[in-house]
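Student: Sharing a structure, written as structure tokens. Questions coming.
Numbering (this note's numbering), first residue to last: 9 to 360.
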């Protein structure tokens, strides 16, 4: 029997309840995720569009929409991909309509105000990177340990960023830094700092079954909103992923829908001495199963892409478990750029 966060699963798709997964994950720490972050009951619309719809409902006058011409520079292959994903989505939803809430949203609800309010009331500008304000930069390249041995730890100052934080307890512990408190899972360890510091883990023989990379790629949304700092894409080539990945390990890389960037990611995978297993897509839907926006390949689409890769010796194993263009369908968090967890998907299809 599948876990309750797996709503439905097939050969080429999985419908996941991300909120249910995190509820189960944080139960051990006696914490409850904020359900309002997932209260996306209707597709996203501009506020001006909502007001126009309300006025039309009151006056009975419908404003004529300008026809949006397709961008002639849009990649034809991407257009076909969008059509394929949309058709598969319709088939999957029709066969699994019971996995979603019944759509009963009204005009006043159609801007997902509950979710927007939850985000606005939460300090999402900060992240684990805030802790770097309390950590001095390291001049000598050696990795030291900071063991979290109590249920609650408070950080005032740590000598250097080249630190391996370790929770050896069989329970979650809490780490407070400034105004933020972090939940540290049981039997976990991590480095907070530049990703290049991961090279120190190799000397310790720390190898991984799964490595998930979500590079801060540059795109139009990031340039406009500036929610995070981007990076030089060549820095990826300097990472020693092949040495950090177990022989049977799997690498997942989130990418944008930019054709040039996808080609670059293929080069990165090759530079890691890995082979690409599959290109998969995360389709974002509302609680009633509607795409969070229309499929407009020349403008915006309701899905994101991640690529899976492994070492040649395990290619057959992984390619048998997950096919290309696999669809992960879920209601996303309203927090900008928050990706879904991939581990429950990979476990559900027996890939890891």
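Built from N, CA and C at the ideal position, the CB exists for glycine as well. Computed from a prediction, not measured in an experiment: that's the story for all the values here.
1. Alpha carbon to alpha carbon, how far is residue 90 from residue 304? Give it in angstroms, no decimals.
2. Alpha carbon to alpha carbon, how far is residue 255 from residue 324? Give it in angstroms, no decimals.
3. Between residue 315 and residue 261, is the Cβ-Cβ spacing less than 8 Å?
4. Which first and last residues belong to the alpha helix (DSSP H) in which residue 90 is found?
5. How should residue 248 be labelled, buried or exposed, when 16 other C-beta atoms within 10 angstroms of its C-beta is the threshold for buried?
6. What residue range is occupied by the uninterrupted alpha helix (DSSP H) comprising residue 249?
7. Consult DSSP for residue 329 and reduce its assignment to one of helix, strand or coil.
8. Given a cut-off of 8 Å on the beta-carbon distance, is the pair residue 338 and residue 286 in contact?
9. For residue 294, which of helix, strand or coil comes out of DSSP?
10. Excluding the five sequence neighbours on either side, which residues of its own chain have a C-beta within less than 7 Å of the C-beta of residue 1, listed in chain order?
11. Within a Cβ cutoff of 7 Å, which residues of the same chain sit near residue 41, ignoring the five residues on either side of it in sequence?
12. Determine the closest residue to residue 153 out of 190, 208, 204, with distance taken between C-alpha atoms.
13. What residues match up with residue 260 in a beta bridge as DSSP calls it?
14. Leaving out five residues before and five after residue 105 in sequence, what residues of the same chain have Cβ atoms less than 8 Å from its Cβ?
15. Indicate the three-state DSSP secondary structure (helix, strand or coil) for residue 67 in the structure shown.
16. In terms of residues, what are the limits of the beta strand (DSSP E) holding residue 192?
17. Ignore the nearest five residues each way along the sequence and tell me which others in residue 273's own chain have a CB closer than 8 Å to its CB.
18. Helix or strand or just coil, what does DSSP make of residue 30?
19. Residue 46: which of 351, 288, 123 sits nearest, CA to CA?
20. Might you give, ordered along the chain, the residues of its own chain that have their beta carbon closer than 6 Å to the beta carbon of residue 101, omitting 5 neighbours on each side?
21. In this structure, what does DSSP give as the bridge partners for residue 24?
22. Could you pull out every residue in the same chain whose Cβ sits closer than 6 Å to the Cβ of residue 190, ignoring the five residues on either side in sequence?
23. Need the endpoints of the beta strand (DSSP E) that residue 199 sits in, please.
24. State the start and end residues of the unbroken alpha helix (DSSP H) segment that holds residue 127.
25. List the whole-angstrom C-beta distance separating residue 172 from residue 151, where the pair is believed to meet the contact cut-off of C-beta under 8 Å.
26. Measure the beta-carbon distance from residue 308 to residue 83 and round it to whole angstroms, keeping in mind my assumption that it falls under 8 Å.
27. My output table needs one value for residue 210: the three-state DSSP class, helix, strand or coil.
28. Between which two residues does the beta strand (DSSP E) carrying residue 183 extend?
29. For residue 246 and residue 220, I'd like the C-alpha separation in whole angstroms.
Tutor: Let me spell this out:
1. Counting from 1 along the chain shown, the entry for residue 304 is found at position 296. Counting from 1 along the chain shown, the entry for residue 90 is found at position 82. Taking the straight line from one Cα to the other gives about 8 Å.
2. Counting from one through the chain shown, the residue named residue 324 turns up at place 316. Counting from one through the chain shown, the residue named residue 255 turns up at place 247. Approximately 13 Å between the Cα atoms of the pair.
3. To locate residue 315, count along the chain shown from 1; it is residue 307. To locate residue 261, count along the chain shown from 1; it is residue 253. Yes.
4. As a first step, residue 90 is located in the chain shown; it is residue number 82 there, counting from the start. Start and end: 84 to 103.
5. Taking the chain shown and counting its residues from 1, one reaches residue 248 at position 240. Classification for residue 248: exposed.
6. Working through the chain shown from its first residue, we reach residue 249 at position 241. First-last of the alpha helix (DSSP H) with residue 249: 249 to 252.
7. Residue mapping note: residue 329 aligns to position 321 of the chain shown, counting from 1. In this structure, residue 329 counts as helix in the three-state DSSP scheme.
8. Residue numbering aside, residue 338 sits at position 330 when the chain shown is read from its first letter. Residue numbering aside, residue 286 sits at position 278 when the chain shown is read from its first letter. No, Cβ-Cβ distance for residue 338 and residue 286 is not below 8 Å.
9. As a first step, residue 294 is located in the chain shown; it is residue number 286 there, counting from the start. If DSSP states are grouped into helix, strand and coil, residue 294 belongs with coil.
10. Summary: the structure shown does not reach residue 1, with the chain confined to residues 9 through 360, and so no result is reported for it.
11. As a first step, residue 41 is located in the chain shown; it is residue number 33 there, counting from the start. If we look at residue 41 and ignore the five residues flanking it on each side, its Cβ neighbours are 27, 30, 31, 34.
12. Taking the chain shown and counting its residues from 1, the one referred to as residue 153 is at position 145. Measuring from the Cα of residue 153, the nearest candidate turns out to be 208.
13. Here residue 260 refers to the residue found at position 252 of the chain shown. According to DSSP, residue 260 bridges with 220, 316.
14. If you number the chain shown from 1, residue 105 lands on position 97. Result list for residue 105: 297, in chain order.
15. One-based indexing of the chain shown puts residue 67 at position 59. Helix, per DSSP.
16. For the purposes of this step, residue 192 is taken as the residue at position 184 of the chain shown. Its beta strand (DSSP E) spans residues 188 to 192.
17. As a first step, residue 273 must be located in the chain shown, where it is residue number 265. 261, 263, 315, listed in sequence order.
18. Counting from 1 along the chain shown, the entry for residue 30 is found at position 22. Three-state result, residue 30: helix.
19. Taking the first residue of the chain shown as 1, we reach residue 46 at position 38. Here the closest residue by C-alpha is 123.
20. On the chain shown, residue 101 is found 93 positions in, with the first residue counted as 1. Same-chain partners within the cutoff: 297.
21. Within the chain shown, the letter at position 16 stands for residue 24. DSSP, once it has assigned bridges, lists 14, 338 as partnering residue 24.
22. As a position in the chain shown, residue 190 is number 182, starting the count at 1. 183.
23. One-based indexing of the chain shown puts residue 199 at position 191. From DSSP, residue 199 is part of no beta strand (DSSP E); its letter is neither H nor E.
24. Locating residue 127 in the chain shown gives position 119, counting from the first residue. Unbroken alpha helix (DSSP H) run through residue 127: 121 to 128.
25. Numbered from 1 along the chain shown, position 164 holds the residue referred to as residue 172. Numbered from 1 along the chain shown, position 143 holds the residue referred to as residue 151. A Cβ-Cβ separation of about 6 Å places residue 172 in contact with residue 151 under the 8 Å criterion.
26. Start at 1 with the first residue of the chain shown, and residue 308 comes out as number 300. Start at 1 with the first residue of the chain shown, and residue 83 comes out as number 75. Contact check for residue 308 and residue 83: beta-carbon distance about 15 Å, past the 8 Å limit, so the pair fails to qualify.
27. The residue given as residue 210 occupies position 202 in the chain shown. Residue 210 falls in the helix class under three-state DSSP.
28. Position 175 of the chain shown, counted from the start, is the residue given in the question as residue 183. 181 to 185 is the extent of the beta strand (DSSP E) around residue 183.
29. As a working mapping, residue 246 is identified with position 238 in the chain shown. As a working mapping, residue 220 is identified with position 212 in the chain shown. Pairing residue 246 with residue 220, the inter-Cα distance amounts to about 16 Å.
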